Every structure is written in structure tokens, then in C-alpha cells.
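Residue numbers (the numbering used here), protein chains in the order written: chain L, 917 to 999; chain Y, 8 to 420.
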């Protein structure tokens, strides 16, 4: 069982979470960035910031995860990045 | 074939031949460098040397020949897609498989036994009608069939009448089949090598040198090569290799896992897949049941195994064939798929003049190996993208001319 720590509910089975994709650098509201925001998603070999949702409590959070080792380095609420 | 087999059997002193050409020293320059020694790269090398007469070709493979996704797919061959552009392309691919053993003089064990996709709802049946009509219009053998026909095609299937995954009909694609993936790669490698193509294993591309909008040199761990043209076909690493050339690709990587059971007596002579259960099964010529499904739920560039995906595949397989419940798994594996936003590949030109792309194959690349190789070789040899490839151009994302094939992947993601 792989664990992911919900900032509100603590460590939970990762099957309780829904993956919502990488945090995007491009802004879909800016016309010149629209295509980039729609199609050119982040896909690094390394640490990626990404959106997740804890489905039972509907908590949307950000996780920092390494895309090669699959290690989860940090999870936090969107506007509360730890120092 | 039978006559040559007889000759082979009666000859007393047979000299064994080497399928995979040995890796020579790198030359200083090549007309064409193909990055990626998987099926697509080898097929392109074969067509370049055997059809277009371009023999100064090097295939650079980071690991060993066809050891990436060519070795990791589940060998499904089909052309039951949704859009006209895709059906036209994949139909040509299936036709190339039909003659491949003869063309290569190499038995690729092509078995055209047909693929059955199950519908568990009226909505799925309606979408199947759409695919069947498109397929018929384009000249493939495809039709929507009722439950009785499903039963005849696959007598051991659990139809779950009245249950949660009741089978209400299916999409029968008689042109579908399987082939031996390794044999295909070896056949292409052998013929490309025989006509001067060089296959360099353990040769990793580390960077490019560019002048203006052209690549002039390819840097590798074994030295730098001057190049005329470059073809990139590197499976799960397409995003990274393109980035070294300064090209951004609309690709995200996901692992795709599959597994096989211990060998059983033959009971399944078609390919069966279920979009609802995200599972598909085929029995190999060795009797093993190959089980595949959808990709992992989140981005990853590692081929590790996870229990939940295995359980999910096993659950789907047991639902369709409950009598498999005591059968043991023999092995499992994963490959890294390069998924595009519209579930269609990217083929043809790149922003660089002499750099060609054959990528974004996601979970559906094996069936396209011969046709992608053939058409990419044609593109490189003539410098012109053929009409059949035009819809798959990278620029379609800038012009919103997407080809949505999400519902036509073997198990929707």
C-alpha cells in the first residue's frame, strides 16, 4: 500500500486520492499562453509539483513527487507551502 | 516458405546466421541517423536501405536492440479507430503485417484471429456503430455483433447477463491480430544491416550541435557524428530527447503494466477487450494468457510494478473468464508510454529542417511499427510528408486540429 499524506487528514492509502495533473506554469487565461496551458503539460524527469484530491474529504492539495523514484517529498494545501 | 523449409531441413551443413548485426565503430558522418533502436527506428532503417537506397544509415540505441517498448507491448494489431485519418493509417499498418513474414523472410508469427471489444451498455454500442461505419467506409473488416455472435466467437466468456457488466454486444474486428514483436525487430534489423545500415547498441545520444534551423552533429557517449538528417523514435524518452534538440513536445509519460499467466491449453482464439473493465486478454501461441489494461493513474517515468494495477487487471480477467481463478501469474512488466493530449501520435516535421519526429505513440505504437517505419522513411528520403501522415503533424496542436482517439485505445485511459 502506497501512502500519501493529506494535509488535513494525515497519511492515507493513495487509492483514496485522485490525480489532477501537474501544477501548470502557463496561464490558460492569457491568450498567448493558452495552447501551452492546454497541451504542453509539465513532464520532467525529476521533482514535479502536482494537484491531488483526497476524495472522501474533497481536500485539494499539492504534492511534490519525484517522477523517476516515485518518492513523495512534500504535500501541502495550495496556499500554504511550508518554508 | 514450405519449399525453403524443406531445403533448410535437408541441407547437411547449415551455417547459422546472425540476426542482429554486430555494432561497428561509429563513422564520422551518416546521411541519416535514427535515434532509437526499437521497432519504429529499425523499420525506418529497413525501408530507407531496402526501398529508397539510402544505405549510409545509423540506428543509435541507448540500451539493447528493441529492448524498450517494442519488447514490452502486448502485440495487438488492429485498425478499428474512430477518425478517418487514423483508420486509413492503421489499415495500411495491418496490411503490412499481413505480408511481413514473406517480405522479411522471417517468421513474425502473424496471427490474424480477430479482435472482439465488448459493449456493456447501450451507449458503448452506439459508439461502436460509429466506429464500425467509419471502418467499413474505409474498407476494413469490422462490424457490430449481438450477444449470440459474441457467444459463438468466444464460447468461454462470462456474459454476466443481468449483472453489473452485462455483455450487450460487441465490436468484431476480423482484421485484428497479433505478431511476435521480437521477431519483427530482428527481421528489420537483419535486413537493414544486410544493406549497409549500422545498428549501434549501447549508444546513447547526449546532445546536438545546431546551425540555424538544422542539426549538424549528434553527440553520443561514443563520439560525435555529423548528420544529414535525423529521425527521433525513442518511446518513453521522446520528450527528453526532443528537449535536447530544443523542441517541446505535448507529451506526458505514464507507465503501462501488463502480465502473463502460466501456459494453459488453448481456449481463447481471438483477442478480447472490455472498455468498462479496462482489461484485454489474448492467449499467446505458448498458451500463456496475456492480460493488459489502461495506464497508471499518475505521471511516472519508472517501470516499477504496482499491486493495485495487477489486482485491477486480475479482477477484469476473472470477471470475463472466472475459471482462471487458480491460474498463476508467470511474469509482469511495465513500459513507459508517451501520451499526447489527443491520444494520437506525432509524425512528420519538427521546427528543425532536418529533424523528423515519430513519437507520442502512447499505448498504441506496436501495431503502427511497419507503416510508421515505411512512411517516415519515405518522408526522409523525399523530404516531403506523405498525405497519410499529414494529420499527425506536431503543428495540429497550434491550430486546434486534434484527432481525438481516446475512446479507440484498447482500454480507455
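Cβ coordinates follow ideal geometry from the N, Cα and C atoms, glycine included.
Owing to the predicted nature of the structure, the values given are computational and were not obtained by experimental measurement.
Practice task
Indicate the three-state DSSP secondary structure (helix, strand or coil) for residue 54 of chain Y in the structure shown.
Solution key: Residue state for residue 54 of chain Y is assigned as helix, using DSSP reduced to three classes.
Exercise for the section: Quick one: using the 10 Å Cβ neighbour count with 16 as the cut-off for buried, is residue 24 of chain Y buried or exposed? Expected result: Within 10 angstroms of the beta-carbon of residue 24 of chain Y lie fewer than 16 other beta-carbons, which makes it exposed.
Exercise for the section: Name the one or two DSSP bridge partners that residue 260 of chain Y has. Expected result: Beta-bridge pairing links residue 260 of chain Y to Y:345.
Practice task
In angstroms with no decimal places, state the Cα-to-Cα distance between residue 154 of chain Y and residue 131 of chain Y.
Solution key: If you take the alpha carbons of residue 154 of chain Y and residue 131 of chain Y, they lie about 14 Å apart.
Problem - Beta bridge counterpart(s) of residue 961 of chain L as assigned by DSSP - result: None; residue 961 of chain L has no bridge partner.
Problem - Residue nearest to residue 962 of chain L in terms of C-alpha spacing, selected from Y:402, Y:390, Y:247 - result: When the alpha-carbon of residue 962 of chain L is set against those of Y:402, Y:390, Y:247, the nearest one is in Y:247.
Exercise for the section: Evaluate residue 210 of chain Y with the Cβ neighbour count: other Cβ atoms within 10 Å of its Cβ, from every protein chain shown; 16 or more gives buried, anything less gives exposed. Expected result: Here residue 210 of chain Y is buried, its C-beta having at least 16 other C-beta atoms within 10 Å.
Practice task
For residue 1018 of chain L, return the contacting residues in chain Y, with the cut-off set at a CB-CB distance below 8 Å.
Solution key: With chain L covering only 917 through 999, there is no way to say anything about residue 1018 of chain L.
Exercise for the section: Give me whichever residues DSSP pairs with residue 174 of chain Y in a beta bridge. Expected result: Answer by DSSP bridge pairing: none, since residue 174 of chain Y is not bridged.
Exercise for the section: Closer than 7 Å by beta-carbon distance: list the chain Y residues that pair up with residue 951 of chain L, in chain order. Expected result: Result: 404, 405.
Practice task
For chain L, find out if any of its Cβ atoms is closer than 8 Å to the Cβ of residue 348 of chain Y; answer yes or no.
Solution key: Using a CB distance cut-off of 8 Å, residue 348 of chain Y counts as an interface residue toward chain L.
Handout entry: Cβ pair count under 8 Å reaching 3, the segment 263-277 of chain Y against the segment 286-301 of chain Y
Key = A contact exists between the segment 263-277 of chain Y and the segment 286-301 of chain Y.
Practice task
Could you round the C-beta distance between residue 342 of chain Y and residue 319 of chain Y to whole angstroms and report it? I think they count as a contact, below 8 Å.
Solution key: So it is not a contact: roughly 17 Å between Cβ atoms.
Exercise for the section: State the beta-bridge partners of residue 141 of chain Y as determined by DSSP. Expected result: Beta-bridge pairing links residue 141 of chain Y to no other residue.
Practice task
Report the three-state DSSP secondary structure of residue 978 of chain L (helix, strand or coil).
Solution key: The DSSP-derived three-state label of residue 978 of chain L is strand.
Problem - Per-residue burial, residue 403 of chain Y [other beta carbons within 10 Å of its own, 16 or more giving buried] - result: Looking at its Cβ environment, which holds 16 or more other Cβ atoms inside 10 Å, residue 403 of chain Y is buried.
Exercise for the section: Kindly confirm or deny that the segment 334-353 of chain Y and the segment 237-252 of chain Y touch, where touching means at least three C-beta pairs closer than 8 Å. Expected result: Taking one beta carbon from each stretch, the segment 334-353 of chain Y and the segment 237-252 of chain Y have 3 or more pairs nearer than 8 Å; the two touch.
Practice task
Check residue 265 of chain Y in the structure and name its three-state DSSP category.
Solution key: Note: residue 265 of chain Y maps to strand in three-state DSSP.
Exercise for the section: Using a cut-off of 7 Å between C-beta atoms, extract the partners of residue 935 of chain L located in chain Y. Expected result: Chain order gives the chain Y residues near residue 935 of chain L as 304, 305, where near means a beta carbon separation below 7 Å.
Problem - residue 965 of chain L beta carbon less than 8 Å from that of residue 936 of chain L - result: With a cutoff of 8 Å on beta-carbon distance, residue 936 of chain L and residue 965 of chain L are scored as not near each other.
Problem - Beta-carbon gap between residue 279 of chain Y and residue 362 of chain Y smaller than 8 Å - result: No, these two residues do not count as a Cβ contact at 8 Å.
Practice task
Return no unless some Cβ of chain L is closer than 8 Å to the Cβ of residue 400 of chain Y.
Solution key: So no, residue 400 of chain Y is outside the interface.
Handout entry: Contact with chain Y by residue 956 of chain L, beta-carbon distance below 8 Å
Key = It does; some Cβ of chain Y falls within 8 Å.
Exercise for the section: Can you tell me the Cβ-Cβ gap for residue 65 of chain Y and residue 254 of chain Y, rounded? I've got them flagged as a contact below 8 Å. Expected result: Wrong, their Cβ atoms sit about 21 Å apart, outside the cutoff.
Practice task
Answer yes or no: do residue 87 of chain Y and residue 138 of chain Y have a C-beta to C-beta separation smaller than 8 Å?
Solution key: Cβ distance < 8 Å, so residue 87 of chain Y and residue 138 of chain Y count as in contact.
Practice task
Report yes or no: is there a C-beta of chain L within less than 8 Å of the C-beta of residue 255 of chain Y?
Solution key: With 8 Å as the cut-off, residue 255 of chain Y counts as an interface residue toward chain L.
Exercise for the section: Can you tell me which of the three DSSP states residue 42 of chain Y falls into? Expected result: Here residue 42 of chain Y sits in strand by DSSP.
Problem - Cβ neighbour criterion (16 or more within 10 Å) applied to residue 93 of chain Y - result: Buried: at least 16 other Cβ atoms inside 10 Å.
Problem - Closest Cα partner of residue 306 of chain Y within the set Y:261, Y:54, Y:16, Y:14 - result: Closest option to residue 306 of chain Y, Cα to Cα, is Y:261.
Handout entry: Contacts that residue 939 of chain L makes with chain Y (C-beta to C-beta distance below 9 Å)
Key = The premise fails here: residue 939 of chain L is roughly 12 Å from chain Y at the closest Cβ pair, so nothing lies under 9 Å.
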